[in-house]
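Reviewing the structure listed below.
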Amino acid sequence: AQTVTQSQPEMSVQEAETVTLSCTYDTSESNYYLFWYKQPPSRQMILVIRQEAYKQQNATENRFSVNFQKAAKSFSLKISDSQLGDTAMYFCAFRGTASKLTFGTGTRLQVTL
Amino acid sequence: DAGVIQSPRHEVTEMGQEVTLRCKPISGHNSLFWYRQTMMRGLELLIYFNNNVPIDDSGMPEDRFSAKMPNASFSTLKIQPSEPRDSAVYFCASRPGQGGDTQYFGPGTRLTVL
């Protein structure tokens, strides 16, 4: 079974600074997908970024980018120029050959002035 | 485009009552997922459908839980009888067919069982 680990329960960053959220996973599969979802206080689960395992190039979406290290089974999220609206829970998720998503326990990010 | 629609957004009920949660997936998506989020267990898959057919219901906690998808645009998750430990946020998500790997989530239903 796949597992996803987020070792940082909480993080804080000042506005305009950069922060990196960590995620590691365990799988025996070679083809899979990784995701970062954001959950603000509204509870809505919002896709931030996705990465296909067969692609070596790290995914980027505006201020959000990932550092995907397949051999190390690591998938960290970097948020540049942090904004107050980035305050949320961030979940790392894995999808292998099974269609379901396996989620980590989340990292609560607080962006401060 | 409308996203995934869930109703009700909040539900408060008493132990022993039947609860029905509803979901309308994004038009054209052919996979639908029900997840539950609790503090203790985090986000976990309950069941998912592909082309209206249940594919994996191994996450359904017990016989009190049932899910149906009578057509491509509607699904229900029913709990009968409900118990206080069922209190959680229930999310529905849908995913496109070919070439789609991203699941799009609805706003969730916060269920409280007293």
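Those sequence lines, one after another, are chains A and B. The first sequence runs 1 to 113 under my numbering. The second sequence runs 1 to 114 under my numbering. Where is the CB? At the ideal position from N, CA and C, for every residue including glycine. As the structure is a prediction and not an experimental result, all values here were calculated from the model.
Excluding the 5 residues flanking residue i on each side, which residues of the same chain have their C-beta closer than 6 angstroms to its C-beta?
i, result
"THR112 (chain B)", "VAL12, SER87"
"THR3 (chain A)", "ASP26"
"THR76 (chain B)", "THR20, ARG22, LYS68"
"ALA98 (chain A)", "none"
"ASP57 (chain B)", "ILE47"
Here's the rule I'm using: 16 or more other beta-carbon atoms within 10 Å means buried, otherwise exposed. How should residue i be labelled?
i, result
"LYS55 (chain A)", "exposed"
"ASP81 (chain A)", "exposed"
"GLN57 (chain A)", "exposed"
"ARG85 (chain B)", "exposed"
"VAL4 (chain B)", "buried"
"LEU32 (chain B)", "buried"
"SER7 (chain B)", "exposed"
"ALA16 (chain A)", "exposed"
"PRO25 (chain B)", "buried"
"THR38 (chain B)", "exposed"
Could you pull out every residue in the same chain whose Cβ sits closer than 7 angstroms to the Cβ of residue i, ignoring the five residues on either side in sequence?
i, result
"LYS70 (chain A)", "ALA53"
Need the endpoints of the beta strand (DSSP E) that residue i sits in, please.
i, result
"LYS68 (chain B)", "65-71"
"TYR90 (chain B)", "88-95"
"ARG41 (chain B)", "No beta strand (DSSP E) contains ARG41 (chain B), which DSSP labels as neither H nor E."
"LEU34 (chain A)", "33-39"
"ARG110 (chain B)", "109-113"
"HIS10 (chain B)", "10-13"
"THR87 (chain A)", "Counting along the chain, THR87 (chain A) falls outside any beta strand (DSSP E), and DSSP gives it neither H nor E."
"ARG22 (chain B)", "19-24"
"MET45 (chain A)", "Unbroken run through MET45 (chain A): none, as it is neither H nor E."
For residue i, which residues from the same chain have a beta carbon less than 8 angstroms from its beta carbon, with the 5 sequence-adjacent residues on both sides left out?
i, result
"GLN39 (chain A)", "MET45, ILE46, ALA88, MET89, TYR90, PHE91, GLY106"
"VAL19 (chain B)", "GLU11, THR13, LYS78, ILE79, GLN80, SER82, ASP86, LEU111, VAL113"
Compile a chain-ordered list of the residues in the segment 35-55 of chain A whose CB is closer than 9 angstroms to at least one CB of chain B. PHE35, TYR37, GLN39, SER42, ARG43, GLN44, MET45, ILE46, LEU47, ARG50, GLU52
Counting Cβ pairs closer than 8 angstroms, one from the segment 58-66 of chain A and one from the segment 94-108 of chain A, do we hit at least three? no
Of the residues that make up the segment 94-112 of chain B, which ones have a beta carbon closer than 8 angstroms to any beta carbon in chain A? ARG95, ASP101, THR102, GLN103, TYR104, PHE105, PRO107, GLY108, ARG110
Looking at chain B, which residues of the segment 87-102 of chain A have a Cβ within less than 9 angstroms of any of its Cβ atoms? PHE91, ALA93, ARG95, ALA98, SER99, LYS100, LEU101, THR102
Give, in chain order, every residue of the segment 27-57 of chain B whose Cβ lies closer than 9 angstroms to some Cβ of chain A. SER31, PHE33, TYR35, GLN37, GLY42, LEU43, GLU44, LEU45, TYR48, ASN50, ILE55, ASP56
Contact set between the segment 72-89 of chain B and chain A, restricted to residues whose Cβ is under 7 angstroms from the partner: VAL89
If you measure beta-carbon to beta-carbon, which residues of the segment 17-36 of chain A are closer than 9 angstroms to chain B? TYR33, PHE35
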